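Going down the list, the protein sequences come from chains A and B.
So in the numbering used here, spot 128 of the first sequence is number 128, and the numbers just go up one at a time.
So in the numbering used here, spot 207 of the second sequence is number 425, and the numbers just go up one at a time.
Glycine included, each C-beta is placed from N, C-alpha and C at the ideal position.
Everything numeric in this text was worked out from a predicted model, so none of it was measured.
Report on the structure given below.
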Amino acid sequence: MIEFDWDALVRALPFLAQGMVLTLELTGLAMVGGIALGTVLAILRLSMPAPVPQIIAGYVNGLRAMPLILVIFWFYLLVPLFLGRPVGAFSSALIAFTMFEAAYYSEIIRAGIQGVPRGQLQAALASGMSYPQAMRYIVLPQAFRAMVPILLTQSIILFQDTSLVYVVGLRDFLTAANIVASRDQRPIEMYLFVAAVYLVLCASASFGVRILQRKSAR
Amino acid sequence: MIEIDQIDKWYGAHQVLKSCSTAVAKGEVVVVCGPSGSGKSTLIKAVNGLEPIQGGRITVAGEVVGSTNLSRLRARIGMVFQSFELYPHRTVLDNVALAQMVVLKRSRADAVAKADGLLTRVGMIDHRMKFPGQLSGGQQQRVAIARALAMDPIAMLFDEPTSALDPEMINEVLDVMTELALEGMTMMVVTHEMGFARRVAHRVVFMDEGAIVEDRAKDAFFDHPDTDRARAFLSKILHH
């Protein structure tokens, strides 16, 4: 029979909470940045003349072909080179996640925009709206309404993937748990707790997605 | 008002408009008819630049379509689509008010007042807070007409406005269009409703395989069509 000792875990909670704050910050900021950049990429890809769509397709497919951990690592090395000064692990990781997720988000958003009947764009243009106005008032609201569940699902994956920032020395939730687990020699309690936290957060997010799906299907 | 001068359009190697020329004078109602695939919808969508053309020239109120100010010109030309194309995420009222605010920069109060007046006119005022999905096809099309009229257009384009409607709803839409025509609105109407054409149109343009085959006064067209193709079309559409 294994003897559980939860005291070590309780003592470590503030430290773990710091990790969770970083995880949530990174997830939230990368999600907002990724969706914003992804929307721009999707619109440019659908509306600009060659070679813009080809360049964007190259960007999207290139990033999607690479392991995320490599992207995080490369940006950690490259961003300071580009800017000529160190930016810190958090900023470089945030940029890496934003650029990486934008590639995935842009494909979701592109499909969403293409899912809006072409006549809607035509009707908006026929009323005298410019292309950006037609996108803003008519096409994107309909596209996003249909896309919210998939965007959130992608964001849950992003939330889980943030644990990869340990490669650049950041202390996210899972990394913090790793540290405590090896320090206190109580890995079983710690990883049970970590699994439970991930499970609760992701399951409740998925539950939210399902409710939204039911609402948008009305 | 609308001048279409020898316009050409290709989809790849296939020519869908072949040197088409016609004109719609101010206050005139021109019905465009012809078999499906004859290019009627493409022609009418070229008038406000929704379908780009490769040859020839279209002017509306003296302005060349496709010049830099296409949006400004479109704002002055109302368009009604076969599949209504109301905005499903907006209420009936917003559908009619939105472009007034976004394009014409009217205040919300002005736009709503204008919208309410037009919704009353097309008999849809009681449905102003509903969403398009809650309306029948005929009701949606009447809202779409109100939406186009809200911009105070100098001309109206109708692209098969009753083709997607159940038979019992066709007349409620045609009635609104007839009233509009009697008020002197300049109208270009793609339709198979020959009864409407007989009652309301001044001229009929008959198209076949991308070309304008006949372009004549209404009575002349219906009583003695010039071409065999028009005769064949009329006998098919009138005798069933």
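Considering only the alpha carbon of each residue, which of B/T338, B/M387, B/A331 and B/A382 lies closest to B/G356? As a first step, residue 356 of chain B is located in the second sequence; it is residue number 138 there, counting from the start. Here the closest residue by C-alpha is B/M387.
Thinking A/L22 and A/L170 are a contact (beta carbons under 8 Å), I'd like their distance in whole angstroms, please. As a position in the first sequence, residue 22 of chain A is number 22, starting the count at 1. As a position in the first sequence, residue 170 of chain A is number 170, starting the count at 1. The pair is a contact, with the Cβ atoms about 6 Å apart (cut-off 8 Å).
Taking three-plus beta-carbon pairs below 8 Å as touching, is the segment 394 to 411 of chain B in contact with the segment 248 to 267 of chain B? yes
Please list the terminal residues of the continuous beta strand (DSSP E) segment that includes B/Q300. Within the second sequence, the letter at position 82 stands for residue 300 of chain B. Note, B/Q300: premise wrong, no beta strand (DSSP E); not H, not E.
Inspect the CB distances between the segment 109 to 123 of chain A and the segment 278 to 289 of chain B and report whether three or more fall short of 8 Å. no
Count the other CB atoms, across all protein chains shown, that sit within 10 Å of the CB of B/K332; report buried if there are 16 or more and exposed otherwise. Working through the second sequence from its first residue, we reach residue 332 of chain B at position 114. That one is buried.
Since A/G19 contacts A/T175 with CB under 8 Å, what's their CB separation in whole angstroms? For this step, residue 19 of chain A is matched to residue 19 along the first sequence. For this step, residue 175 of chain A is matched to residue 175 along the first sequence. Contact flag correct, Cβ pair sits at about 6 Å.
Cβ atoms of B/G257 and B/V234: under 8 Å apart, would you say? The count along the second sequence starts at 1 and reaches residue 234 of chain B at position 16. The count along the second sequence starts at 1 and reaches residue 257 of chain B at position 39. Yes, Cβ-Cβ distance for B/V234 and B/G257 is below 8 Å.
Is the beta carbon of A/S130 less than 8 Å from the beta carbon of A/V60? Working through the first sequence from its first residue, we reach residue 130 of chain A at position 130. Working through the first sequence from its first residue, we reach residue 60 of chain A at position 60. No, these two residues do not count as a Cβ contact at 8 Å.
Mark A/E3 as exposed unless 16 or more other C-beta atoms lie within 10 angstroms of its C-beta, in which case mark it buried. Walking along the first sequence from the start, residue 3 of chain A turns up at place 3. Label assigned to A/E3: exposed.
Going along chain B, which residues have a C-beta under 9 Å from A/Q122? Along the first sequence, one-based indexing puts residue 122 of chain A at 122. Those within 9 Å of A/Q122 in chain B are K263, L268, M297, F299 and E303.
Spell out the partners DSSP gives B/G296 in its beta bridges. Here the question's residue 296 of chain B lines up with position 78 in the second sequence. Answer is B/M374.
Of all the options A/L199, A/I35 and A/P14, which has the alpha carbon lying nearest to the alpha carbon of A/L140? The residue you call residue 140 of chain A lines up with position 140 of the first sequence. Checked all of A/L199, A/I35 and A/P14; the closest Cα to A/L140 is A/I35.
Check whether the Cβ of A/Q213 lies closer than 8 Å to any Cβ atom in chain E. In the structure shown, chain E does not exist; the protein chains are A and B.
Assuming A/W74 is part of the alpha helix (DSSP H), what are its boundary residues? Within the first sequence, the letter at position 74 stands for residue 74 of chain A. Where A/W74 is concerned, the enclosing alpha helix (DSSP H) stretches over L68 to L83.
Does chain B have any CB closer than 8 Å to the CB of A/M129? Along the first sequence, one-based indexing puts residue 129 of chain A at 129. Chain B contact via Cβ: present.
Which residues of the segment 387 to 400 of chain B have a Cβ closer than 7 Å to any Cβ of chain A? Give them in chain order. Answer in chain order: no residues at all.
With C-beta atoms as the reference, is A/G62 less than 8 Å away from A/I109? Residue 62 of chain A sits at position 62 when you count from the first residue of the first sequence. Residue 109 of chain A sits at position 109 when you count from the first residue of the first sequence. Result no, Cβ atoms of A/G62 and A/I109 do not sit closer than 8 Å.
Measuring only between beta-carbons, confirm whether A/A143 sits less than 8 Å from chain B. Against the first sequence, residue 143 of chain A aligns to sequence position 143. So no, A/A143 is outside the interface.
Nearest by alpha-carbon distance to B/D437: which of B/P371, B/E378, B/A317 and B/G413 is it? On the second sequence, position 219 is the one that residue 437 of chain B refers to. The option with the nearest alpha carbon to B/D437 is B/G413.
Comparing the C-beta of B/M406 with each C-beta of chain A, is any distance below 8 Å? For this step, residue 406 of chain B is matched to residue 188 along the second sequence. For B/M406, the answer is no, since every Cβ of chain A falls outside 8 Å of its Cβ.
Of the listed residues A/C202, A/A203, A/A146 and A/Y191, nearest to A/L9 (C-alpha basis): Sequence index remark: in the first sequence, residue 9 of chain A carries index 9 (1-based). Out of A/C202, A/A203, A/A146 and A/Y191, A/Y191 has the C-alpha closest to the C-alpha of A/L9.
In angstroms with no decimal places, state the Cα-to-Cα distance between B/G402 and B/E432. Translated into the one-based positions of the second sequence, residue 402 of chain B becomes position 184. Translated into the one-based positions of the second sequence, residue 432 of chain B becomes position 214. Taking the straight line from one Cα to the other gives about 24 Å.
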